[in-house]
Each structure stands twice: as C-alpha cells, then as structure tokens.
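J.: My questions all concern the structure below.
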Amino acid sequence: MKNIIAGIEGRFEKLGYFIYARRWAVIVVSLLLFVAMASQLPNIKFDTSNEAFIEPDDPVLTQYDAFRDQFGRDEVIVVAIKPTDVFDREFLERLKTFHEELENEVPYLDEVISLVNATSIRGEQDELIVEELLENWPEDEAELAKLKKDVLSNKFYKNLLISEDGTFTTVVIRSNAFISEETLAEDAEFGEDMFEEEDLAANDKEGGLEITPQERLTDKQNSDFVKSVQSIVDRFHSTEFPTYVAGSPVMTGVLKGEMTTNMPRFTAVALGLIGVLLLLLFRSPVGVFLPLLTVIFTLLSTVGLMAATDTPFTVITQILPSLMLAVGVGYSVHLLTVYFHHVHRHGDKREAIVFSLGHSGLAILMTSLTTAGGLLSFMPAPLPPVSALGTFGAIGVLIAVF
C-alpha cells in the first residue's frame, strides 16, 4: 500500500513539473475552457414555481395540467382595498377604472373579478334572472344604499368580493394556466371560454383528460404577469384607495426577487470575508488572489454549465454558490499552506509547487472524489432541484480541484 501511495505521489510530482514547464499553455487552456462555460451565464434562468419540483413527464403533473387546461389556474392574485366607504360613488368609479386597466394592460390574463363585473343571480316569481351587479350604474344615494344592501345580503359575495363588515372589497386576478401562439397573437381574447362542451368531449379520452397542445406559462411570464399587476396597483394606491396585494403568484415573485438579489449579494460578502481571512492567514497577495480566482472561476463555470443545459436556479440549487466557495477555498488553502512553508524554507518556487502537489495532491483528489460521490447520491432523487444540486454540485467540486 505504501508503494502504491508513493507511486501516486510521484505522479503528482511529475504533474507539477509538467505544469510548471508549460505554465502559459496551461493558463491559456484553462482560460479558454472558463470562457466557453462562462459565456452561457446570460442564459441562466430562475424558477421558483411549484412545478419545478416535479419531472415534466410525471403523471401527476400531466393530470394537473389537464385539470388546469379545462378549469383554469387555481393560483390567483388578490388585491384587497379598504376605502373610507366601499359604496361611495367616487370610489366605485375609481374601482371601475382600476378593473379596466388591469384587463387592458396585464399580459397573460385569464380574468379579473370584482364588484365591477360580478354576476347577480336572483329569483323573481317563477323566473331566474342573471345579470351584472352594476349593469345599471347607481346614480343617487338611494341606489347606492340599495347596492350596498344587495351586496352585503348576498352570501356569494361575502368574504370573496366584500368583507363581512363591508369595509374591504377585493379584486381577484387570475392568469392563464397555459399560453399558445393564438393567445400571444390575440391579446384581446382574455375572457374567452376555455372549456366549452365540445372541447370537454374532445379532451375526454378513456375517462381521463388529455391536454391540448399548449405550453405552461414560464417563470419569466409569471413574473411579467405579477410585475404588471403590481405596477398598476402602485399607480392607484393612495390614502383614498389603500391596497394590499396577496396570493401565491405574488409570494413566488417575492421569493424569486429575494433569491436573485440576495444570492449575488451574499456571495460577494462571502468572497470579501474569505479574502480578509486569507490575508490574515498567508499575509501575501498571492495567497489571497489565487484562492479567490479559483472559487470565482469554479462558481462561474458551474453556473455557466447550468445555463448551457437549461437547468434553472431553484430554492434548492441556490445553495450551490456557497458550496462552491467552501470547497474551492478549502482545496486552495491545503495546497498553498504547504507551498508557502516550502518556499520559506528552501526558496525554490518550482520545487515548492512540485512538493506541494506530491504532498497534498492525493489527499485533495480523494477528498474531492468522495465529496463529489456524496453529492452524486442526490442524482436519483425524484425531485429535479435535488437531482440538479447533486449533479452540478459534483461537477463544481471536480472543476475546483482540477
């Protein structure tokens, strides 16, 4: 065993001589590989949706898509508004304008529901009358009082479009579950009935549901939808029109915003702290520059590979930068500690490089392989983000060591 270890260490020493003799060629090749991988960085995507945790061909997702294709999306944005008086004429006029601007300006919109377009259903003698609640706009106080009475006495409006005490009203905004070329080409068709009887029959296959050839909204399209709604809400928000926005699309948008903002911010802070600690440890610019260069190259190369393979950052894979920083710095510190110790004792930089690789090369290699192997154990996971963490975590570890 000792002979085997000695032989491997000897090969690492030969590698040291090879690298030193052809150092410029090694640097150029490394830079070319780095540029090739990092060039994909502009294509990186972020996906904070629930669907990111399910394989695209998973039967559960297929059935869920079929359900949403026929019955619409179950995730909505709710804008709650608390004016001085919900049934004030000026407020109702502003609510109508707000409702119409949402319908006209928000992309990928399925429907907007509020008191403005609420359906009123009532029975008179032997007739069932269905009409819009505000089909006849109230002109005086008597009509406003009647409207208030009708709304507050309707159990279908309570806690949906109006609070039980009548102080809050809401606007419910639902995006399309899917997008198609026809939808993109015809912006105006927001209220089209998506599940007519003949469509239901055509989509019914052996008791199951078959999805029409459409694509789910991408994470970017969902973000555009949320940003557009938020922009209009901000435009209307005032003391007379106080708004509160909620709903899972909003929370997803906030989560994505925090992730895209905080990940680079904390990565930069971590790099700064690492630089300070390296300076205290080695007291040499080289001892700071080389480890930081290693971890930056490793991080950008790994993220570039994710972009090249169309693998998005998720709430799980956002830990990759921290992992790459820890792994890359650890390897560099091991190697540079031996290198500086040898240089201080003997003064020969070439021999210090050779000795460092011979002394620590095998240990670093085995450490990287075991770390990569541990991360690869996540690959069979049924959740795509966990599998991606294992795959690209292992790749990043190997990039850092080589």
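For the sequence shown, the tail end lands on 403 under the working numbering, and the numbers increase by one without skipping. For each residue, glycine too, the CB sits at the ideal point set by N, CA and C. Keep in mind it's a predicted model, so treat the numbers as computed, not measured.
Measure from the alpha carbon of Lys221 to the alpha carbon of each residue in Thr253, Thr240, Val234, Gly248, then state which is nearest.
T.: Thr253
J.: Would Gln319 be called buried (16 or more neighbouring beta carbons within 10 Å of its own) or exposed?
T.: The residue in question, Gln319, is buried, as its Cβ has 16 or more Cβ neighbours within 10 Å.
J.: Just checking my contact of Leu366 with Ala395 at CB under 8 Å: how many whole Å lie between their CB atoms?
T.: Actually they are not in contact, since the Cβ atoms of Leu366 and Ala395 sit about 14 Å apart, beyond 8 Å.
J.: Which term fits Asn44, buried or exposed, when burial requires 16 or more other beta carbons within 10 angstroms of its beta carbon?
T.: exposed
J.: Out of Leu324, Lys150, Leu218, which one is the CA nearest neighbour of Val301?
T.: The sequence as given places Leu at residue 301; Val does not occur at that position. Answer by Cα proximity: Leu324.
J.: Thinking C-beta only, is Val117 closer than 7 Å to Lys147?
T.: no
J.: I'd like to check one pair, Ala389 with Thr299: are the Cβ atoms closer than 7 Å?
T.: Result no, Cβ atoms of Thr299 and Ala389 do not sit closer than 7 Å.
J.: Are the beta-carbon atoms of Leu326 and Val296 separated by less than 7 Å?
T.: yes
J.: Just verifying my parser: in three-state terms, what is the DSSP assignment at Ser121?
T.: In the structure shown, Ser121 sits in a strand (DSSP, three-state: E or B).
J.: Does the beta carbon of Ser333 come closer than 7 Å to any beta carbon on chain D?
T.: Protein chains in the displayed structure number just one, and chain D is not present.
J.: What number of angstroms, rounded off, separates the C-alpha of Glu76 from the C-alpha of Gly397?
T.: 36 Å
J.: Can you give me the C-alpha to C-alpha distance between Gly273 and Val113, rounded to a whole angstrom?
T.: 48 Å
J.: What residue range is occupied by the uninterrupted alpha helix (DSSP H) comprising Ala364?
T.: 350-377
J.: Between Leu62, Gly348, Phe169, which lies nearest to Ser115 when the distance is taken from Cα to Cα?
T.: Phe169
J.: With DSSP as the reference, label Ala424 as helix, strand or coil.
T.: With the chain running from 2 to 403 in the structure shown, residue 424 is simply not present.
J.: Ser40: which of Glu352, Thr310, Ile180, Val330 sits nearest, CA to CA?
T.: Thr310
J.: Which whole-angstrom value is the C-beta distance of Pro243 and Ile82, which I expect to be below 8 Å?
T.: 7 Å
J.: Go to Val441, then tell me how far its beta strand (DSSP E) extends in each direction, as first and last residue.
T.: Residue 441 cannot be examined here, being either before or after the span of the chain that is shown, 2 to 403.
J.: Quick check on DSSP: helix, strand or coil for Glu140?
T.: Three-state DSSP puts Glu140 in coil, outside helix and strand.
J.: Output the distance between the C-alpha atoms of Ile233 and Phe92, rounded to the nearest integer angstrom.
T.: In a straight line, the C-alpha of Ile233 is about 16 Å away from that of Phe92.
J.: Give me the Cα-Cα distance between Val107 and Val61, rounded to the nearest whole angstrom.
T.: 30 Å
J.: Run through DSSP, which three-state label would Tyr245 get?
T.: It is a strand residue.
J.: Leaving out five residues before and five after Gly248 in sequence, what residues of the same chain have Cβ atoms less than 6 Å from its Cβ?
T.: Val77, Ile78, Val79
J.: Is Ile233 helix, strand or coil by DSSP?
T.: helix
J.: Only counting the same chain, and skipping five residues up and downstream in sequence, which positions put a Cβ closer than 6 Å to that of Phe237?
T.: Phe99
J.: Mind reading off the beta-carbon distance from Lys156 to Glu165? Whole number of angstroms is fine, and I expect it under 8 Å.
T.: Their Cβ separation, rounded to whole angstroms, is 10 Å, which puts Lys156 and Glu165 out of contact at 8 Å.
J.: How is the alpha helix (DSSP H) around Ile396 delimited, first residue to last?
T.: Segment 385-402, the alpha helix (DSSP H) holding Ile396.
J.: In the DSSP assignment, find the unbroken beta strand (DSSP E) run with Ile114 in it and report its ends.
T.: Per DSSP, Ile114 belongs to the beta strand (DSSP E) from 110-114.
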